[in-house]
Amino acid sequence: MKPAAPPTGVQGMLLLTTLVWGLNLPVLKWLTGHFDSVLLSGLRMLAAVVSLACLLPGRALVARLQPAQWRQLLLCALLMVYLNQWLFAEGMRRSSATNGALITALHPLLAALLALVLLRERLGGRRFLGVLIGLAGVALAILNRPSAQLAGSGIGDLMVLGGVLLFAIGAVVAQRLLVQVDAVVVSLIIHAVGAACLLVHTAIAALWNGEAPRAVEAGWLWAAVLLSGALSTGMGNLMWNRAIAAIGMARASMWLYWVPIFGIASAVVFLGEPLTGWHLLALAMVLAGTRLGTGRGG
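In case it helps, the numbering used here puts the sequence shown at residues 2 to 299.
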């Protein structure tokens, strides 16, 4: 029997989340030109923490957490925030928002593969074909550059891919937590710990290098950083976690198809990045591979 469609409210929440995440990709690319990448990530996560703290339903929810749940939360913070944001921001600084959007589209495919591995399910022929097509699409986007650009931009693409993979691993852990713990509490704790790690990283790097991290003085740029963190990271991840709690990771991940579409369109419109036939082919391959890889059956 075909599963019932998600409630209208959940569908609207997922579409809004993917729109915000897609539009944030060119914003993040633009901000890396004005701020140190790790500092930028730390400030954005700090803004996310403040926005989530306003929604915290009560300290008692945090006090009732068990030691095992705290360990899972710390692991999620390390994977989904600290390492993910570090790699993603550094990768976007070297790459383009268009390629970043394409690589981000692999998230549901990676999430499905991780679920198969962790649950020890068999990887059928259809899913295996989806993996090959999706990875080939990303490889096409990465390698379709002049040789002079591959050293910098190609490494940036791989860093973004690493960030997406770590986020997917953390999401598998988070799904178990969200059955037991309120989504606001989960989001707040992992972003608070992640923000602290990023800001400590920034301070240590500044002491090591003997100079302050790169940052501009324009107040409106700082406002853009904080707004990006509060909306895209704070509210975006909260809506995503609530959607996972409502309909599960597998069904929610299907909506991530919209992120590269919104991301590429906004990168072309707002940043003037070139859109070639190779990009469209790579996007089609990633979406087709993800569809096969996350579908039911072998």
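Yeah, the Cβ is synthetic: ideal placement off N, Cα and C, and Gly gets one too.
Out of curiosity, what's the CA-to-CA distance linking residue i and residue j?
i, j, result
"T18", "L199", "24 Å"
"W223", "P261", "26 Å"
"A253", "V173", "13 Å"
"E218", "S233", "23 Å"
"Y83", "V21", "21 Å"
"G278", "L162", "22 Å"
"S148", "S267", "Caution is warranted here: a pLDDT of 49 is assigned to S148, below 50, making its placement in the model unreliable, and no coordinate value can be reported."
"H35", "R45", "14 Å"
"V269", "R65", "47 Å"
"L114", "N238", "21 Å"
"V28", "D158", "17 Å"
Once the 5 residues before and after residue i are set aside, which same chain residues still bring their CB inside 6 Å of it?
i, result
"M160", "L88, E91 and G92"
"L15", "A244 and W256"
"H202", "V39"
"L227", "A48"
"Q86", "S42"
"A78", "I191, V194 and G195"
"I265", "T99 and A102"
"A175", "C77"
How would you write the range of the alpha helix (DSSP H) that residue i sits in, first residue to last?
i, result
"W221", "G220 to S229"
"L74", "P68 to C77"
"R243", "G237 to I248"
"S267", "W259 to L272"
"L189", "A184 to N210"
Does residue i come out as helix, strand or coil in the three-state DSSP assignment?
i, result
"G34", "coil"
"M107", "The question names Met, yet the displayed sequence has Leu at residue 107. Correct three-state label for L107: coil."
"L17", "helix"
"R177", "helix"
"L57", "coil"
"L159", "helix"
"L141", "helix"
"T9", "helix"
"L276", "coil"
"P27", "helix"
"Q97", "Just to set this straight, residue 97 is Ser in the shown sequence, not Gln. S97: coil per DSSP, three-state reduction."
"V217", "coil"
"R252", "helix"
"R127", "helix"
Heavy atom of the ligand SAH less than 6 Å from the Cβ of residue i, yes or no?
i, result
"G155", "What this structure holds is no ligand at all, so the ligand SAH is not there to describe."
If I measure Cβ to Cβ from residue i and keep anything under 7 Å in the same chain, skipping five residues before and after, which residues do I get?
i, result
"I156", "R95"
"L288", "A106 and Y258"
"V165", "I104, T105, L107, H108 and L111"
"L189", "V50, L53, A54 and L57"
"V300", "In the structure displayed, the chain extends from 2 to 299; residue 300 sits before or after that span and is not available."
- prompt: Looking at C-beta atoms only, is the number of pairs between the segment 124-141 and the segment 38-53 that lie closer than 8 Å three or more?
  reply: no
field: Cβ contact check for the segment 65-76 and the segment 102-112: 3 or more pairs under 8 Å
entry: no
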